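According to the working numbering, the residues represented by the sequence shown are 149 to 413, in order. Take a look at the structure below.
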Amino acid sequence: LNAHGKSSIIREVRLIVNGKIDVISLSGAQYHWLMRDNLEHYIDVAAHTDGRSAVAAGAFTLDMFLPVALNARDVPGLLLLQNEQTEVVLTVEFEALATIASGLDALVGSVVPHLELFSVPVGEKDMPPLSTVHSLIGETMAISAAGDQSYPWPRGNTYLQMIHGLGFGVSGSDGFSRIYCSAAGNQRFFDATPNALDIEHARFRGRARQSGVIPVDLLGSSGLGSYGSSRDVIYSQAITNLKSVITATGSGTLHSIRRELVTLE
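Structure representation (structure tokens):
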């Protein structure tokens, strides 16, 4: 059985603008184990689903709330679809049966999108600025052995969160003993052990951190979740050598989700 449980049924969810701009690109495991605890007011937006349950026969629900905008209040990330030059496509790809569970004969699923829309102001002067994309991009990196592993943060955009995962799953455990994030050489702006992450997670979310999940939360550090201040977000274009260094306790796969604001030219 896949260690990530029923979330592994979804290989990838993508929201693409004009065939080339990835607004959202996440696997089912990245969403259900890493991302869903870090949206809106940091309630679990998919607590009713089977994403964190072990693979088993029977019906399943893998609902996802995909935040196109930064939150339900603020403008950044909204997409104007009453524009012939803008095409937005949502794709959901299912995983190969053998990857979900050995001996799995068939999988039946359906995808039903629900959209939340806003009417467009009548006057052009009342239009909000729509020049910023709110992006959630997931990646993976193979870890071959224990020791310090560096994950460089791509430069250019404004970082809201960097959520890593190493060892998470249905029977997950922390696959790391420490993480620090640094910029411009040795200037550390984040340094934590699993125990410190447990305290911070309970402090702002009121529940236990999922083992193996490493949230580097720049947006929610003011205590208001996705509605927090911009005090600690990082504009990466002006910073060199921005990276996470994770002390792995063994081999595995490092998952990383970059939550960013991207300014369109």
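All C-beta atoms in this analysis are idealised placements derived from N, C-alpha and C, irrespective of residue type, glycine included. What you are looking at is a predicted structure, and each value in this text was computed from that prediction instead of being measured.
(1) Would you call F266 buried or exposed, if buried means 16 or more other Cβ atoms sit within 10 Å of its Cβ?
(2) Determine the DSSP secondary structure at H282, reduced to helix, strand or coil.
(3) Short check: CB of A194 to CB of F208, under 8 Å?
(4) Could you tell me whether the Cβ atoms of S399 and I291 are closer together than 8 Å?
(5) Relative to the alpha-carbon of L218, which residue among F324, L278 and L182 has its alpha-carbon at the smallest distance?
(6) Out of T239, S250, V268 and P276, point me to the one whose CA is closest to V259's CA.
(7) Between which two residues does the beta strand (DSSP E) holding D192 run?
(8) Among N389, L163, D185 and S330, which one has its Cα closest to the Cα of R355?
(9) Does the structure place the stretch 220-230 close enough to the stretch 149-162 that three or more beta carbon pairs sit under 8 Å?
(10) So, at 6 Å on beta carbons, what are the nonlocal neighbours of R437 in its own chain, with the 5 sequence-adjacent residues on each side left out?
(11) Under three-state DSSP, which class holds D170?
(12) What residues match up with R162 in a beta bridge as DSSP calls it?
(13) In whole angstroms, what separates the C-alpha of E235 from that of L227?
(14) Give the DSSP-derived three-state secondary structure of E408 in the structure shown.
(15) Alpha helix (DSSP H) containing F338: first to last residue?
(16) Report the rounded CA-to-CA distance for A294 versus Y307, giving the unit in angstroms.
(17) Can you name, in chain order, every residue of its own chain whose Cβ lies under 8 Å from the Cβ of Q178, other than the five neighbours on each side?
(18) How many whole angstroms separate the CB atoms of L390 and R303, which I take to be in contact at a CB cut-off of 8 Å?
(19) Taking F338 and V364 to be in contact with their CB atoms under 8 Å, please state how far apart those CB atoms are, rounded to whole angstroms.
Once the coordinates are examined:
(1) Taking the sequence shown and counting its residues from 1, the one referred to as residue 266 is at position 118. Only exposed fits F266, as fewer than 16 other CB atoms lie within 10 angstroms of its CB.
(2) Position 134 of the sequence shown, counted from the first residue, corresponds to residue 282. Strand, per DSSP.
(3) For the purposes of this step, residue 194 is identified with residue 46 of the sequence shown, where counting begins at 1. For the purposes of this step, residue 208 is identified with residue 60 of the sequence shown, where counting begins at 1. At the C-beta level, A194 and F208 stay beyond 8 Å of one another.
(4) Within the sequence shown, residue 399 is the residue found at index 251, counting from 1. Within the sequence shown, residue 291 is the residue found at index 143, counting from 1. A distance below 8 Å separates the beta carbons of S399 and I291.
(5) Sequence index remark: in the sequence shown, residue 218 carries index 70 (1-based). Comparing Cα-Cα distances from L218 to each of F324, L278 and L182, the minimum goes to L278.
(6) If you number the sequence shown from 1, residue 259 lands on position 111. For V259, the closest of T239, S250, V268 and P276 by C-alpha to C-alpha distance is T239.
(7) Taking the first residue of the sequence shown as 1, we reach residue 192 at position 44. First-last for D192: undefined, no H or E at that position.
(8) As a working note, residue 355 is residue 207 in the sequence shown. When only C-alpha atoms are compared, the closest one is D185.
(9) Because the criterion of three Cβ pairs below 8 Å is not met, the stretch 149-162 and the stretch 220-230 do not touch.
(10) The chain is shown only over 149 to 413; residue 437 falls outside these bounds and no answer can be derived.
(11) On the sequence shown, position 22 is the one that residue 170 refers to. Correct three-state label for D170: strand.
(12) As a working note, residue 162 is residue 14 in the sequence shown. Looking at the DSSP output, R162 bridges to S173 and T239.
(13) Your numbering for residue 235 matches position 87 in the sequence shown. Your numbering for residue 227 matches position 79 in the sequence shown. Distance between E235 and L227, taken at the CA atoms: about 10 Å.
(14) Locating residue 408 in the sequence shown gives position 260, where the first residue counts as 1. In this structure, DSSP gives E408 an extended state, which the three-state scheme calls strand.
(15) Taking the first residue of the sequence shown as 1, we reach residue 338 at position 190. Looking at the DSSP string, F338 is not in any alpha helix (DSSP H); the run it does join, the beta strand (DSSP E), is Q335 to A340.
(16) Reading the sequence shown from its first residue, position 146 is the one you call residue 294. Reading the sequence shown from its first residue, position 159 is the one you call residue 307. Distance between the alpha carbons of A294 and Y307 is about 28 Å.
(17) Against the sequence shown, residue 178 aligns to sequence position 30. Correct list, in chain order: G286, G313, H403 and I405.
(18) For this step, residue 390 is matched to residue 242 along the sequence shown. For this step, residue 303 is matched to residue 155 along the sequence shown. The pair is a contact, with the Cβ atoms about 7 Å apart (cut-off 8 Å).
(19) As a working mapping, residue 338 is identified with position 190 in the sequence shown. As a working mapping, residue 364 is identified with position 216 in the sequence shown. Confirmed, about 5 Å.
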